[in-house]
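One structure is given below, encoded as structure tokens.
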Amino acid sequence: MTLTLPPLGPPTLQNEITFYPVKPGETLGDKYQAFVKLGWGQQRRGMEDYIAKQNPSHMGHAMIRTCLESFEIPHPEDQEAKHLCLVYKPMREPFWLYQRRFVDETIPLPLIKAYLTQILGGLDYLHSVCGVAHNGEFSLFVSGSGFGLLDVGFVDIKLDNILVSFENESIIQEFMDAHLTETMEYKIDSAGRHIFSRHNDFGFLSSFNEITSILPTITDFGTAMRLNPGERGVFPTHPDHYRPPEATLGCGWDHSGDIWMVGILTWEFIEHTDLFEQYKPNGRYCARHHLAEMSALLGPPPQELIERSDKMIEKKWPVAVRREEGKFLYEGLIPPRKLEDTVPSLDNEEKAKFLDFVKGMLAWLPEDKKSAKELMKHPFLNFRK
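Heads up, the sequence shown is in this note's numbering, so the first residue is 573 and it goes up one at a time.
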């Protein structure tokens, strides 16, 4: 099909990044035609192929989005430079935008429980079947045979990396029809190329009667990493707000770091707010404040975690967070907060179940965090009373 393209609109300012300068109407790989730019990102084909092929019959496989097809194309200004193209099933939007479709940005609790169950199912597939952690960085890993170095970039479980499906596929056709006559904004970069703005808002939900057709999907495996039994990352890799205590203290982290991040996400789902409030004094991340708030909400860290941190003391960390005898160095930073006060929207019965549920994720020690499969069976996720 050949598209009739609308005229170019006026330039708009965007941050310049290195990527393939796709143009609306352009044919890619002699098979696909670009219609409108939805966004940008990076992926790793090998990791996605590995994840997709492990066990497609696993219930969590459907909660993972991997590419359907891949091919390479040359850069328009350098035929020797190749760009990898990955073909994906189209998705509606990231979860944070989907949440805004509801009154007061509040998704009904039964739906939240269903989404959490599905996300945990996806993590169970990643962890127990694939041995993959969804977070990583330029990371030192530790195993029984010593140390190694992995250049695996940076990703995480957060609302940006959870996409939701369309309630029905007619939304896609309506979106395409609307953009056939819409002026497409662009900027001209320093090389004189037209860089088009992204258009990724598919509008309000067409019908709340179709909401059960919408499924959350874990995406973005461009820098996910495989961890064999006994291996663990060392340097802090997770985004500031989602960083588990074992990573902050340099004790090593594993797949359970994903579980901690889902625990943090539950506040964004239910209260649409951050659990931790003071980890960025003066706008910059501070491990002292973050650990102080963890201590307020979860109680003091166990001695075993401090002893593990001692064993890594030869590593250079930016800030000391404890005294020699293991006491927190900045006890005056611990705020007067309690975990039970952070979910005011839940009634007493639901709150009790919820707190028990998240305590299985927000544990100081990695081995005390429950697995995704265990969490899926928790009474809190039973939305039928």
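Virtual Cβ for every residue (Gly too), placed ideally from N, Cα, C.
- [ ] Determine which residues share a DSSP beta bridge with C657 and list them.
- [x] Against the sequence shown, residue 657 aligns to sequence position 85. Its beta-bridge partners are F643.
Open item on the list: Tell me which residues share the same chain as A653 and place their Cβ nearer than 7 Å to its Cβ, disregarding the 5 neighbours each side in the sequence.
Closed with: Stepping through the sequence shown from its first residue, residue 653 is reached at position 81. For A653, where only same-chain residues beyond five positions count, the Cβ hits under 7 Å are P646, H647.
- [ ] Would you kindly check if the distance between the Cβ of R664 and the Cβ of F738 is under 8 Å?
- [x] Along the sequence shown, one-based indexing puts residue 738 at 166. Along the sequence shown, one-based indexing puts residue 664 at 92. Yes, the pair counts as a contact, with Cβ atoms nearer than the cut-off.
Task: Test item: CB-CB of I684 and I906 under 8 Å - done: As a first step, residue 684 must be located in the sequence shown, where it is residue number 112. As a first step, residue 906 must be located in the sequence shown, where it is residue number 334. No, the pair does not count as a contact, with Cβ atoms beyond the cut-off.
TODO: Determine the burial state of T845: buried for a count of at least 16 other Cβ atoms within 10 Å of its Cβ, exposed for fewer.
DONE: Taking the first residue of the sequence shown as 1, we reach residue 845 at position 273. Counting Cβ neighbours within 10 Å, T845 comes out exposed, since fewer than 16 surround it.
Task: Sheet register partners of M933 (DSSP bridge) - done: Locating residue 933 in the sequence shown gives position 361, where the first residue counts as 1. Bridge partners of M933: none, in fact.
Open item on the list: Can you give me the C-alpha to C-alpha distance between Y977 and Y660, rounded to a whole angstrom?
Closed with: Lying before the first or after the last residue shown, residue 977 is absent from the chain, which here runs from 573 to 957.
- [ ] Can you have a look at M797 and say buried or exposed, based on whether 16 or more other CB atoms are within 10 angstroms of its CB?
- [x] Numbered from 1 along the sequence shown, position 225 holds the residue referred to as residue 797. Of the residues assessed, M797 falls on the buried side of the cut-off, its CB having 16 or more other CB atoms within 10 angstroms.
Open item on the list: One question on the structure: do A819 and G829 come within less than 8 Å of each other, judged by their Cβ atoms?
Closed with: Here residue 819 refers to the residue found at position 247 of the sequence shown. Here residue 829 refers to the residue found at position 257 of the sequence shown. Result yes, Cβ atoms of A819 and G829 sit closer than 8 Å.
Task: Simplified DSSP assignment, three categories, for A868 - done: Your numbering for residue 868 matches position 296 in the sequence shown. Residue state, collapsed to three classes: helix.
Task: N- and C-terminal bounds of the beta strand (DSSP E) containing P788 - done: The residue given as residue 788 occupies position 216 in the sequence shown. For P788, the uninterrupted beta strand (DSSP E) segment begins and ends at 788-790.
Task: Selection from S629, G601, H630 that minimises the alpha carbon distance to E641 - done: Working through the sequence shown from its first residue, we reach residue 641 at position 69. Nearest option by C-alpha distance: G601.
Open item on the list: Whole angstroms are fine: how far does the CA of L658 sit from the CA of L712?
Closed with: Indexing the sequence shown from 1 puts residue 712 at position 140. Indexing the sequence shown from 1 puts residue 658 at position 86. Confidence at L712 is low in this model, with a pLDDT of 34, below 50, so the placement of that residue should be treated as unreliable; the coordinate-derived value is given next. Each residue's CA atom was taken as its position, placing L712 and L658 some 29 Å apart.
Open item on the list: Looking at E876: is its Cβ nearer than 8 Å to the Cβ of L937?
Closed with: One-based indexing of the sequence shown puts residue 876 at position 304. One-based indexing of the sequence shown puts residue 937 at position 365. Yes, they are a contact pair.
- [ ] Thinking L681 and R617 are a contact (beta carbons under 8 Å), I'd like their distance in whole angstroms, please.
- [x] Against the sequence shown, residue 681 aligns to sequence position 109. Against the sequence shown, residue 617 aligns to sequence position 45. L681 to R617, Cβ: 39 Å. No contact.
- [ ] Could you tell me if D696 is buried or exposed, where buried requires 16 or more neighbouring beta carbons within 10 angstroms of its beta carbon?
- [x] One-based indexing of the sequence shown puts residue 696 at position 124. Taking all protein chains in view, the Cβ of D696 is crowded by 16 or more other Cβ atoms within 10 Å, so the residue is classified as buried.
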